[in-house]
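The numbering of the sequence shown is the UniProt record's numbering, which starts it at 1 and goes up by one.
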Amino acid sequence: LEVLKQLTTNSPSTANVSLNLIAVLPAKTSTASQEIQSAFKPHVNLSHCIFREAFNEPASSYIIKSESSGSRTIVNYNELPEITVDEFTQIAGNLTNPSWFHFEGRIPDITLSCIQYLRQQYPSATISVEVEKPGREGLQNLAAEADIVFYSKSWAQGNGYQTAEECVQKESTLTRKASLLCCTWGQGGAVAFETKTQSLVHSPAYSAANFRVIDPIGAGDTFIAGMLYALICRRNEWSLSQKLGFANRLAGMKVSQEGFSGL
């Protein structure tokens, strides 16, 4: 969302784009929630967030990196009760003409019910989902209900795919509602598969003079933000190849720096 905020804020083609976050946060007066609001306002509408007043800590990930080997250990912490289907439908039902919903796919059973609600309430809205974590049950059910699906390399390999191309082409037979499937493959670049035309596009990994990997954390999220921007804000201006290339380049730029600022 931080990357998407940057892209829409700095582009004249996004005058009619409104970013809204539906998420569970700790108490509204907590330091964490105040920092989140300060980081995103006024460019992202946070009025639809659910504040758990009995909690003060947000969902967090702590990343420990070994200086000698470069290996990473990720420790996740989340004491916040997840959003319920009833909470989501109450919020979504009060939105004004929403055109796009994107889901991370962290809690597939709840997310699936939310998507099914949206299909009835907003049949013309586009729904995209991220399929990332290998072994997480229910992700393919989400993909089957989505219009656009983003697959990670780790999920694809965990399901027996040897290449990004193989992943999107075979998964297209299981995602009948999807119009576009994307899969990132690290140094192998990324691919996008348009189901209607059976068009397969590949973009090589980003490369530049003196390029080196600094911080790969969040590269996949950055790619998705780039694709969402391209699909929503450059829908008729850019070809699929241009959209994919933009998102892939953006992810590469993120890898070459610490954090997300200035992308």
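A virtual CB, placed ideally from N, CA and C, is assigned to each residue, including glycine.
> By DSSP, does Tyr229 sit in helix, in strand, or in coil?
Replying inline: Judged by DSSP in its simplified three-state form, Tyr229 adopts helix.
> For the candidate residues Ile110, Tyr77, Pro108, Pro123, whose alpha-carbon lies nearest to that of Ser99?
Replying inline: Considering only alpha carbons, the answer is Pro123.
> Roughly how many angstroms lie between the CA atoms of Pro81 and Pro26, to the nearest whole one?
Replying inline: Pro81 and Pro26 have their C-alpha atoms spaced approximately 10 Å apart.
> Does any residue of chain B bring its CB to less than 8 Å from the CB of Leu174?
Replying inline: Of the protein chains in the structure, only one exists, and it is not chain B.
> For the beta strand (DSSP E) that contains Val131, what are its first and last residues?
Replying inline: From DSSP, the beta strand (DSSP E) with Val131 extends over 126-131.
> Exposed or buried, Pro204, counting other C-beta atoms within 10 Å across all chains shown (16 or more means buried)?
Replying inline: Exposed, because fewer than 16 other Cβ atoms sit within 10 Å of the Cβ of Pro204.
> For the candidate residues Glu194, Val3, Asn56, whose alpha-carbon lies nearest to that of Phe40?
Replying inline: Of Glu194, Val3, Asn56, the residue nearest in Cα terms is Val3.
>> Per the DSSP calculation, Cys49 is bridged to which residue(s)?
In response: Within the DSSP secondary-structure output, Cys49 pairs in no beta bridge.
>> Can you tell me where the beta strand (DSSP E) holding Lys243 begins and where it ends?
In response: No beta strand (DSSP E) contains Lys243, which is instead part of the alpha helix (DSSP H) from 240-255.
>> Suppose you measure from the CA of Gly93 to the CA of Ala32; what does that come to, to the nearest Å?
In response: Each residue's Cα considered, the two are about 28 Å apart.
>> For Pro42, count the other beta carbons within 10 Å of its own beta carbon; 16 or more makes it buried, fewer makes it exposed. Which is it?
In response: So Pro42 ends up on the exposed side.
> Quick one: Cα of Ala91 to Cα of Ala146, how far?
Replying inline: The displayed chain sequence assigns Ile, not Ala, to residue 91. Within the model, the alpha-carbon separation for Ile91 versus Ala146 is close to 20 Å.
> Taking buried to mean at least 16 other C-beta atoms within 10 Å of its own C-beta, is Val168 buried or exposed?
Replying inline: By the neighbour-count rule (16 or more Cβ atoms within 10 Å), Val168 is buried.
> Going by beta carbon distance, what residues of the same chain come within less than 6 Å of Ala225, once the five residues before and after it are set aside?
Replying inline: Hits under 6 Å: Val3, Leu4.
> On the premise that Val85 lies in contact with Ile110, defined as a C-beta separation below 8 Å, what is that separation, rounded to the nearest angstrom?
Replying inline: Between Val85 and Ile110 the Cβ distance is about 6 Å, and since that is below 8 Å, they are a contact.
> Can you tell me whether Ile77 is buried or exposed, with buried defined as 16 or more other CB within 10 angstroms of its CB?
Replying inline: According to the sequence provided, residue 77 is Tyr. The question's Ile does not apply to it. Looking at its Cβ environment, which holds fewer than 16 other Cβ atoms inside 10 Å, Tyr77 is exposed.
> Any idea which residues DSSP pairs Lys65 with across the strands?
Replying inline: Answer by DSSP bridge pairing, in chain order: Arg72.
> Which stretch, first to last residue, makes up the beta strand (DSSP E) that contains Ser203?
Replying inline: Looking at the DSSP string, the run of the beta strand (DSSP E) that includes Ser203 is 199-203.
> Taking the alpha carbon of His102 as the point to measure from, which residue in Lys28, Leu174, Cys183, Ala143 has its own alpha carbon closest?
Replying inline: Ranking the options by Cα distance to His102, first place goes to Ala143.
>> Spatial neighbours of Leu174 within its chain, please: C-beta separation below 8 Å, excluding the five flanking residues on both sides.
In response: So the list reads Gln140, Ala143, Ala144, once near-sequence residues are dropped.
> Going by other Cβ atoms of all chains shown within 10 Å of its Cβ, with 16 needed for buried, is Ala209 buried or exposed?
Replying inline: Exposed, by the Cβ-count rule.
> Do Gly158 and Gly135 come within 8 Å of each other at the CB atom, strictly closer than that value?
Replying inline: The criterion of a C-beta distance shorter than 8 Å is satisfied by Gly135 and Gly158.
>> Within a Cβ cutoff of 6 Å, which residues of the same chain sit near Ala164, ignoring the five residues on either side of it in sequence?
In response: Once the five neighbours on either side are set aside, the close Cβ partners of Ala164 are Cys183, Trp185, Val191.
>> Do Gly220 and Ser128 count as a contact pair if the criterion is CB distance below 8 Å?
In response: With respect to Gly220, Ser128 sits apart: the two C-beta atoms are not nearer than 8 Å.
> What are the complete alpha helix (DSSP H) segments, minimum 4 residues, inside the stretch 95-145?
Replying inline: Secondary structure remark: continuous alpha helix (DSSP H) runs of at least 4 residues inside the stretch 95-145, in chain order: 108-121, 139-145.
> Which residues in the same chain have their Cβ closer than 7 Å to the Cβ of Phe211, if we skip the five residues on either side of it in sequence?
Replying inline: These residues qualify, in order along the chain: Ser256.
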